[in-house]
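Everything in the sequence shown is counted per this note's numbering, starting at 104 for the first residue and increasing by one.
Quick reminder that beta carbons are idealized off the backbone N, C-alpha and C, glycines included.
Worksheet: one structure, shown below.
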Amino acid sequence: QVRLSNRQLAPLAWHVEMAMTSADIAASQRTAEENAKDFDTDLQQGLTSQKAAQFLERDGPNELEKQAKPTLFMLFVMQLTGFVIILLMVAAVASLVVNGTGPNRADILSYTTGK
Numbered sequence: 104q105v106r107l108s109n110r111q112l113a114p115l116a117w118h119v120e121m122a123m124t125s126a127d128i129a130a131s132q133r134t135a136e137e138n139a140k141d142f143d144t145d146l147q148q149g150l151t152s153q154k155a156a157q158f159l160e161r162d163g164p165n166e167l168e169k170q171a172k173p174t175l176f177m178l179f180v181m182q183l184t185g186f187v188i189i190l191l192m193v194a195a196v197a198s199l200v201v202n203g204t205g206p207n208r209a210d211i212l213s214y215t216t217g218k
């Protein structure tokens with residue numbers, strides 16, 4: 104059984120919507136009797152255990168997929184990709200380049216003292 108994430112399904116949504124026929128109208132827009140007929144069930148007694156097992160086998164459990172928690176490394180990387188952080192890193196590199204190519208490049212402390 105292949106499971107697709109919502110991100111993978113999003114591009115397919117339009118194609119599925121275009122391929123719908125009048126028989127594919129959402130269950131919420133049909134009467135209870137029409138839905139009972141489509142699902143081959145009784146409104147008073149519901150699905151049989153056998154029919155419920157068939158739906159479970161065909162459609163899977165009725166639950167949302169749990170997304171994995173990001174690792175500490177991923178949280179760290181996501182923090183470093185912020186606009187202000189990148190701007191500060193570029194400024195630091197530019198400062199090092201300016202100091203390394205200036206007249207006092209031999210004095211290693213000139214970067215910290217500004218002399």
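Distance between Ala139 and Leu146, taken at the CA atoms: about 6 Å. If you draw a straight line from the Cα of Asn202 to the Cα of Gly185, it is about 26 Å long.
CA-CA distance, Gln132 to Gly149, rounds to 19 Å. Across the set Phe142, Phe179, Ile188, the C-alpha of Phe142 shows the shortest separation from the C-alpha of Arg161. Residue range 135-141 is occupied by the alpha helix (DSSP H) that includes Ala139.
A Cβ-Cβ contact shorter than 7 Å links Asn207 with Ser213.
When secondary structure is reduced to three states using DSSP, Gly203 falls in the helix class.
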